[in-house]
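Encoded as structure tokens, the structure appears first; notes follow it.
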Amino acid sequence: MFFFSKPTLEAQEYPYNATTFDPKKQKHEFNGANFTYVMWPSTLKDEASGEVITKARMLIVHGFDEHTQLYSRFMDNLSAVGIESFIFDQRGSGETSPGKLKGQTNEFHTFNDLDHFLEWNLKDKDAATPLFLFGHSMGGGICLNYGCNGRYKDQVAGITVTGPLVVLHPHTQPRAIVRLCAPVLAAALPRLRIDTGLDIDATTSDQRFRDFLRHDPLTMPVYGTLRQIYDFMERGKRLIHDKAHLSRFDRPVLVLHGQDDRINDPQGSQSFHDLCPVTDKTLNFYPAARHSLCLETDSVFEQVFRDLSVWVLHHCDDGNDHDSARLRPAQVPSN
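Residues 737 to 1071, numbered by this note's numbering, are exactly what the sequence shown covers, in order.
Right under this line is the structure:
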């Protein structure tokens, strides 16, 4: 996890233009934090009546040191197929926690904040609209753990994740001595921040998004606190080493992972899939794709989005055949 890549903080334009909607960032105060969030409505219309059709709502939980804008392409595409979406800058990230607040969070806040926004979305959405969780990387680990013991997990229709943080890839793993000392350091110096120097080249094979990230002042430098880093690593361990914890997972789940991911190990997703006790589980790997599937090249993103949207719409209880295409079977990644 310790690389050295210094940013040039002259922000660049996000390399995608939305076609469905121009969402405005909004603010919401909760438990000492002023959260930035975005709500993106469905824009799919009934051909006969012209009325907007909303088939599902998706609550998005972003990854380590990410923020709402990074999911604009994803949310725009969701809108076009009738899925409204909601995302918030987590405590410790983005516009919710600027400057010295970056990285300042812990396990309690992570799940208490998610409970709050899930409760809000459950009350806000139409009662007949199913709610899905989506998480990427650190957010994927959060969502998978939520499927084990989340307060509102029974009201979640399904969980979808990309590149979930179950096991860090050897390319990203801290040194053995750091891992050994991590519990003590996290307890003694929980608010101490370090520049993880996360390898931007490992994030995506799309040069446009790599350039954007390197110049993004909300992303760079990639700071994390010792407590935050220790917590997300422990979350991943629980998903494959805590049998009692994993035995409580009972939601339909879709796991999508880039086969060339050098941030989170694809084998971690394979292990979770193999151990997960539910029968409604799907695992797909994408050749030549790196870590952030929502920031990948157009060709990769289109396949990922197709697989995800087909899965979600098939799990909406309206009885319609949304797409006759079958999801591609999982392929065990090579080392």
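C-beta atoms are modelled at their ideal positions from N, C-alpha and C, and glycine is treated no differently.
Tell me where the beta strand (DSSP E) around S829 begins and ends. S829 -> no beta strand (DSSP E), and no H or E assigned at all.
Beta-carbon within less than 6 Å of R809's beta-carbon, same chain only, minus the 5 sequence neighbours each way: which residues are those? Y752
Identity of the residues DSSP links to N1000 by a beta bridge: L904
Could you tell me the distance, in whole angstroms, from the CA atom of T832 to the CA atom of Y1022? 32 Å
If we call anything under 8 Å between Cβ atoms a contact, is P919 one with Y966? yes
Quick one: give me the first and last residue of the alpha helix (DSSP H) that E855 is part of. 843-860
Go through the stretch 999-1028 residue by residue and report every complete run of the alpha helix (DSSP H) that reaches 4 residues or more, in order. 1002-1011
Have a look at V892, H977, L1019 and flag the residue whose alpha-carbon is nearest the alpha-carbon of I796. V892
Who are the Cβ neighbours of T961 in its own chain at under 7 Å, not counting the five residues just before and after it? G839, Q840, P926, R927, L928, R929
On a CA-only basis, which of G786, S815, T790, K791 is nearest V774? Give me that one, please. S815
Take Y959 and list the residues in its own chain whose beta-carbon comes closer than 8 Å to its own, dropping the five residues that flank it on each side. D801, K838, G839, R929, I930, D931, T932
Measuring alpha carbon to alpha carbon, tell me which of L954, R971, I936 ends up nearest P834. L954
Buried or exposed for F844, going by 16 or more other Cβ atoms inside 10 Å? exposed
Counterpart residues of N770 in DSSP-defined beta bridges: E765
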